[in-house]
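A short worksheet on the structure shown next.
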Amino acid sequence: MSGETVITIVGNLVDDPELRFTPAGVAVAKFRIASTPRVFDKQTNEWKDGESLFLTCSVWRKAGENVAESLARGTRVIVQGRLKQRSYEDKEGVKRTVYEIDVDEVGPSLLRASAKVVKNPAGGGQRQGGGDSSDPWAGAKPANGQQQGGWGSTPPAQQQPAAQGAGYSDEPPF
19 MSGETVITIV
29 GNLVDDPELR
39 FTPAGVAVAK
49 FRIASTPRVF
59 DKQTNEWKDG
69 ESLFLTCSVW
79 RKAGENVAES
89 LARGTRVIVQ
99 GRLKQRSYED
109 KEGVKRTVYE
119 IDVDEVGPSL
129 LRASAKVVKN
139 PAGGGQRQGG
149 GDSSDPWAGA
159 KPANGQQQGG
169 WGSTPPAQQQ
179 PAAQGAGYSD
189 EPPF
């Protein structure tokens, strides 16, 4: 979306992801991430930790279920999403402002760990933009020797001969 602040942050999960469901049955996982900058102090010849940044993250639908199943407290993760600011009034009447991330992508950092990726069945990785936003590439099929044109959804009048386009179209399937 235009005008949104996209941020990528690397840090550690402060606690286990908490999976909940909306009244409509949509899964959402919440977790907190702590990112602490480190700087090298030349005078003491040591690394020193800076001030930690704590952010609450929300990840929706199947991705949220995957996060709750795959990640745990202390896991180093890479999170990309949209930074949101929310203001509210606490119980004592003090106005507070918090920053949160609506997560688009999340995964374990492989700098000091390894992971085994297990793919979900097709159709399980919908983006969280709302509505029915299925994967536009899910229906893409490679061209075989008999099929002309690109993605199999192009009307015959618009298809290119296989020799020209090498069986693929430059047009996205959406």
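The sequence shown begins at 19 in this note's numbering and counts up one residue at a time. Where is the CB? At the ideal position from N, CA and C, for every residue including glycine. Since the structure is predicted, the reported quantities are computational estimates derived from the model, not experimental observations.
Can you say whether threonine 26 is buried or exposed, counting buried as having 16 or more other CB atoms within 10 angstroms of its CB? exposed
Is the beta carbon of valine 32 closer than 8 Å to that of arginine 199? Here the chain covers residues 19 to 192 and nothing more, so residue 199 does not appear.
If distances are taken between C-alpha atoms only, which option among Val57, Asp108, Val135 and Asp120 comes closest to leucine 89? Val135
Rounded to whole angstroms, what's the CA-CA distance from aspartate 59 to alanine 45? Just pull it up for me. 45 Å
Status (buried if at least 16 other CB within 10 Å, exposed otherwise) for glutamate 83: buried
Identity of the residue in Asn63, Ala42 and Arg56 nearest leucine 71 by Cα: Arg56
Cα separation between cysteine 75 and glycine 111? 25 Å
May I ask which residues mark the beginning and end of the beta strand (DSSP E) holding serine 20? Run containing serine 20: none; DSSP gives neither H nor E here.
Give me, in chain order, the residues of the same chain whose beta-carbon lies closer than 7 Å to that of serine 127; leave out the 5 immediate sequence neighbours on both sides. Val28, Arg94, Val95 and Ile96
Which runs of the alpha helix (DSSP H) spanning at least 4 residues fall entirely within the stretch 72-120, listed in chain order? 79-88
Nearest to serine 53 by alpha carbon, out of Phe39, Arg114, Glu87 and Glu69? Glu69
So for leucine 128, helix, strand or coil by DSSP? coil
Using a 10 Å radius around the Cβ and a threshold of 16 neighbouring Cβ atoms, would you call proline 35 buried or exposed? buried
Burial state of leucine 73, where buried means 16 or more other Cβ atoms lie within 10 Å: buried
With 16 other Cβ atoms within 10 Å as the buried cut-off, status of glycine 148: Note that glycine 148 has pLDDT 44, beneath the 50 cutoff, so the model's placement of it is unreliable and the number below is only indicative. Glycine 148 is exposed by the Cβ-count criterion.
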